[in-house]
Ligand SMILES: CC(C)(COP(=O)(O)OP(=O)(O)OC[C@H]1O[C@@H](n2cnc3c(N)ncnc32)[C@H](O)[C@@H]1OP(=O)(O)O)[C@@H](O)C(=O)NCCC(=O)NCCS
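In the working numbering, the protein residues as written are 3 to 247.
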């Protein structure tokens with residue numbers, strides 16, 4: 003059963019307790035932009051845009067979205083830019099016209115059952131119910147981590163013999179009716195002192211230049227006493243029931 007936290011506020015704690023996928027890299031927690039939407043902030047302000055899939059009364063998957071007024075269809079700074087826009091609009095009282103999914107997580111014990119696609123459907127319904135005409139997602143294709151030196155545009159073009167993307171998560175989106183609309187070349191950024199990078203990764207970070215880090219979609223760029231990670235994501239648009247795309 004699909005619900006939003008506006009319908010079931012009592013489930014907020016259990017919904018947020020669903021852990022991230024086991025292969026999620028720790029260093030993404032260093033994103034400064036993510037501080038704007040961390041914890042229950044989105045759930046408190048936009049509970050109608052936090053979707054949960056229940057088995058019985060237990061949340062097994064969640065989808066978190068923010069609303070914003072679109073400035074350009076698919077901004078180059080992807081996830082980071084949309085989070086800033088959503089925060090700006092909330093502070094300024096600007097009416098949104100678009101929803102952006104920030105995160106979809108399936109409980110590790112419930113993977114492989116198609117739950118992510120069900121959550122995507124719930125998100126489309128929640129966006130329609132909110133009267134927003136567009137749902138966009140800066141998708142992080144996790145399997146890109148196996149080819150960190152490849153450009154994201156080349157990676158997106160990789161398809162299987164059946165024509166679907168090689169990447170499991172992009173494939174799930176396309177199967178669910180999502181349309182790939184372009185690459186956000188600098189969607190998520192993490193800049194931090196080398197001590198943080200050593201703690202997150204266990205790697206020495208002892209010389210300047212690019213470093214390949216497990217789970218990273220691109221190399222981390224090391225300078226004398228800090229390192230920067232710039233991650234490209236893939237813009238995907240999903241149809242919203244009752245609105246044309
Ligand atoms: C992999 C993932 C899509 C599985 O979700 P799910 O609902 O359990 O997936 P499904 O059962 O519908 O499987 C979707 C496809 O992924 C494949 N898949 C699932 N787990 C996989 C894994 N660990 N490795 C490789 N492929 C995997 C499935 O075989 C299926 O492929 P198919 O299209 O050939 O049938 C999901 O867990 C995931 O990792 N999503 C990324 C979420 C994420 O990164 N969120 C945080 C940022 S938004």
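Beta carbons are placed, not taken as given, at the ideal position from N, Cα and C, and that holds for glycine.
None of these values were measured; they are calculated from a predicted model.
Would you mind working out which of the options sits nearest residue i, comparing C-alpha positions?
i: residue 243; options: 190, 180 and 226; result: 180
i: residue 95; options: 22, 70, 135 and 207; result: 70
i: residue 141; options: 164, 235, 108 and 208; result: 235
i: residue 34; options: 191, 231, 13 and 153; result: 191
i: residue 9; options: 46, 27 and 41; result: 46
i: residue 226; options: 211, 237 and 233; result: 211
i: residue 154; options: 163, 143, 164 and 162; result: 143
i: residue 106; options: 205, 132 and 175; result: 175
i: residue 164; options: 91, 173, 112 and 108; result: 173
i: residue 224; options: 237, 208 and 233; result: 208
i: residue 171; options: 43, 21, 20 and 108; result: 108
i: residue 199; options: 156, 32, 150 and 75; result: 32
i: residue 245; options: 131, 206 and 148; result: 131
i: residue 237; options: 36, 40, 42 and 81; result: 81
i: residue 247; options: 75, 213 and 147; result: 75
The beta strand (DSSP E) spanning residue i covers which residue range?
i: residue 211; result: 211-213
i: residue 240; result: 228-240
i: residue 223; result: 222-224
i: residue 62; result: 60-70
i: residue 136; result: 136-141
i: residue 174; result: That residue, residue 174, is in no beta strand (DSSP E); its alpha helix (DSSP H) goes 170-177.
Within a Cβ cutoff of 8 Å, which residues of the same chain sit near residue i, ignoring the five residues on either side of it in sequence?
i: residue 4; result: 53, 54, 55, 56, 120, 121, 123, 124 and 127
i: residue 17; result: 7, 45, 52, 54, 61 and 64
i: residue 98; result: 69, 70, 71, 88, 91 and 134
i: residue 26; result: 217
i: residue 93; result: none
Since residue i and residue j should fall inside the 8 Å C-beta cutoff, what is the C-beta to C-beta distance between them, to a whole number of angstroms?
i: residue 23; j: residue 110; result: 7 Å
i: residue 195; j: residue 228; result: 5 Å
i: residue 11; j: residue 49; result: 6 Å
i: residue 67; j: residue 104; result: 7 Å
Can you give me the Cβ contacts of residue i inside the same chain, cut-off strictly under 7 Å, excluding the 5 residues immediately before and after it?
i: residue 38; result: 85 and 89
i: residue 83; result: 77
i: residue 59; result: none
i: residue 161; result: 167 and 168
i: residue 73; result: 87
Could you name the residues of the same chain whose beta carbon sits closer than 6 Å to that of residue i, not counting the 5 residues immediately before and after it, in chain order?
i: residue 178; result: 119 and 122
i: residue 29; result: 192 and 202
i: residue 15; result: none
i: residue 129; result: 101, 137 and 242
i: residue 239; result: 138, 181 and 183
i: residue 79; result: 188
i: residue 169; result: 143 and 145
i: residue 87; result: 70
In terms of residues, what are the limits of the alpha helix (DSSP H) holding residue i?
i: residue 202; result: 196-203
i: residue 161; result: No alpha helix (DSSP H) contains residue 161, which DSSP labels as neither H nor E.
May I ask you to verify whether the region 168-186 touches the region 213-227, counting CB pairs closer than 8 Å and requiring at least 3?
no
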